[in-house]
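Residue -13 is where the sequence shown starts when you use this note's numbering, and the numbers rise one by one after that.
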Amino acid sequence: MPEKEAYAQLEHKLMALRENSRTGDERKTLDEVFDHETVMGIYKLMTSKIIESVLFPISTGKEGNVFACENLQGKLLALKIYRTSNSTFNRINKYIEGDKRFLGISGSKRKVMAAWASKEFRNLQRMHEARVNVPEPIKFHRNMVVMEYIGSKTAPAPTLRQVALDDPSKVYKNTIDNISLMYQKAGLVHADLSEYNILYYKRKPVIIDVGQAVLTDHLNSKDFLERDVKNINRYFRSLDVDIEDSDHIINNIMGIKG
Ligand SMILES: Nc1ncnc2c1ncn2[C@@H]1O[C@H](COP(=O)(O)OP(=O)(O)O)[C@@H](O)[C@H]1O
Ligand SMILES: [Mg+2]
C-alpha cells in the first residue's frame, strides 16, 4: 500500500473506532491513546510492514489499550499501546527509578513509556524462548508492543476469569508448570499473576501482561512469586480444585529441598 494511502486508511480507521465508541469515557480514552506521537508510531509499524491494518479494540485498561490487527499475510496480531497519561507514568516511573537497567531513563514521560514497552517485549522474549506459554513477541516500537494474537477471527480468547473450564485441575497443573518454567528457565517472576492475566486458548492457559515481571535475582522476587502462587491457588480453590500447599510449590520452584 502506498504510504499516503496507508496513513489515510489509518486515520479513517481510528476515527471510526472513536465514533463507534459507545460512551464519552471510551472516546476520551481513545483520544488519550491516539495522541499524535502514537498515531505516527502505528503508522511507522504499518510502513515497516509489521501490521497492515488495525481491526478492532480488544480491551481498554487503566494503563493501556489492546487492539486486534492484521499483517500483510492476513495473520492476526495483538497491538498493546501504553497510554502516556500522568497516572500511568506515575505508577511505572516508580519501578523504573529503582531499576539499574533504566538508569538515566526516568523523568521523560515518553522515554519511560518506551522503556516499559521494551521491558514487556524483552520479558515476553525470555519467556517465549523458555517455552512458557505466552504470545509470541513480534516487535516493540515506542510505547507499543506487537505480539501474537490469542483467539479466533471473531473473538479474543477469554481470560480464566471469564470462562468455565472443562478440566480445572489440568489447567491448574499447567499453570503451575508455566510459573515453574518461567522461574527456572526464563529466570523471571511474573509479579502480577491472577485469573485476569491468563487467557484460555486451545484448552491451555496462556500467560499475558508481563511488563512488570522481574528477574529472579530481584530483591523482592520471592515475595512476588509467593503472591503469584497464592493468587493462583486461591482462584483454583474457588473452582474446587485439589490444590497443593503454596510453600511446597514455591520450594519446588526455587529448588529448595524441604
Ligand atoms: N496477545 C493477546 N491476544 C488476545 N487478547 C489479548 C492479548 N493480550 C492482551 N489481550 C487482551 O487484552 C486485555 C488486556 O491486556 P493486558 O496485557 O492484561 O493489559 P492490562 O491489564 O495492563 O490492560 C487482556 O485481558 C486480554 O483480554
Ligand atoms: Mg492485565
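Idealized CB from N, CA, C, for every residue including glycine.
These figures come from a predicted structure and were not determined experimentally.
Extent of the continuous alpha helix (DSSP H) run through residue i
i, result
"TYR169", "154 to 170"
"THR24", "22 to 33"
Length of the line joining the Cα atoms of residue i and residue j
i, j, result
"GLU106", "VAL215", "21 Å"
"ALA143", "VAL118", "17 Å"
"LEU205", "LEU211", "12 Å"
"ILE136", "ILE193", "10 Å"
"ILE165", "LYS159", "10 Å"
"GLU49", "ASP163", "29 Å"
"ARG147", "GLU181", "5 Å"
"LEU201", "LEU179", "15 Å"
"HIS127", "MET32", "12 Å"
8 Å Cβ cutoff met for residue i and residue j
i, j, result
"MET130", "GLY27", "yes"
"LEU0", "PHE20", "yes"
"ALA199", "HIS176", "yes"
"ALA103", "MET168", "no"
Span of the beta strand (DSSP E), counted from its first residue to its last, around residue i
i, result
"LYS66", "62 to 68"
"GLU56", "50 to 56"
"HIS176", "Segment: none, HIS176 is in no beta strand (DSSP E) and carries neither H nor E."
"GLU212", "Careful: GLU212 lies outside any beta strand (DSSP E), inside the alpha helix (DSSP H) at 207 to 224."
"SER39", "39 to 46"
Interface flag, residue i vs chain B, CB-CB below 8 Å
i, result
"ILE136", "Going by chain labels, chain B is absent from the structure shown, which holds only one protein chain."
Neighbourhood of residue i by C-beta distance below 6 Å, restricted to the same chain and skipping five residues each side
i, result
"SER94", "none"
"PRO121", "MET133, GLU134 and ILE136"
Own chain, CB closer than 8 Å to residue i, minus 5 neighbours either side, in chain order
i, result
"ILE184", "THR145, LEU146, THR161, PRO191, VAL192, ILE193 and ILE194"
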